[in-house]
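Colleague:
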Amino acid sequence: MADRALEALDAGELTPAEAASAKLFCTEVAHRVIDRCLQLHGGYGYMNEYPIARLYADNRVNRIYGGTSEVMKSIIAKSMGL
Ligand SMILES: Cc1cc2nc3c(=O)[nH]c(=O)nc-3n(C[C@H](O)[C@H](O)[C@H](O)COP(=O)(O)OP(=O)(O)OC[C@H]3O[C@@H](n4cnc5c(N)ncnc54)[C@H](O)[C@@H]3O)c2cc1C
């Protein structure tokens with residue numbers, strides 16, 4: 001999905017709804033994957049000394065900046081006439 005969005009951007013054909021879809025999907029999947037990885041590590045996963053905790057903290061903001069996930073959903077919904 002990210003590759004398709006990049007190709008569309010390069011071709012000047014990326015629509016706001018497609019960009020919002022790519023941003024939403026990639027950030028939400030990354031969040032789910034990293035959260036599961038942290039869970040797998042148990043208490044160590046929560047400690048700043050371990051890279052997984054840093055990954056979790058660094059990734060968390062992706063669902064907020066550049067447009068929150070809720071706002072991405074709103075853009076996608078509007079493009080569908082909802
Ligand atoms: C580290 C960091 C770097 C940033 N860098 C930049 C930058 O370089 N340039 C820049 O312009 N901005 C930047 N921002 C700002 C960022 O874009 C905003 O934080 C983001 O747009 C969310 O706005 P807000 O923080 O005011 O939250 P709010 O708009 O107050 O949102 C709070 C919550 O309410 C939800 N919400 C708000 N409105 C709706 C709605 N209509 N429907 C449903 N849910 C809604 C949001 O999804 C969110 O969950 C940065 C933010 C951070 C944390």
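Under our numbering, think of the first position of the sequence shown as 1, with each following residue one higher. Using N, Cα and C, we set each Cβ at its ideal position, and we do this for glycine too.
(1) Within 8 Å: the Cβ of Y44 and any heavy atom of ligand 1?
(2) Going by beta-carbon coordinates alone, are E28 and S69 separated by less than 9 Å?
(3) With distance defined between alpha-carbon atoms, name the residue in R36, A2, P16 nearest to A22.
(4) Within 10 angstroms of its Cβ, does G45 collect 16 or more other Cβ (buried), or is it exposed?
(5) For the alpha helix (DSSP H) that contains P60, what are its first and last residues?
(6) Rounded C-beta distance between A8 and M72? I'm assuming under 8 Å.
Modeller: So, from the data block:
(1) no
(2) Pairing E28 with S69 gives a Cβ-Cβ distance under 9 Å.
(3) A2
(4) Burial call: buried.
(5) Note on identity: in this sequence residue 60 is Arg, with Pro being the wrong assignment. Residue range 51-60 is occupied by the alpha helix (DSSP H) that includes R60.
(6) The Cβ separation is near 16 Å, so there is no contact.
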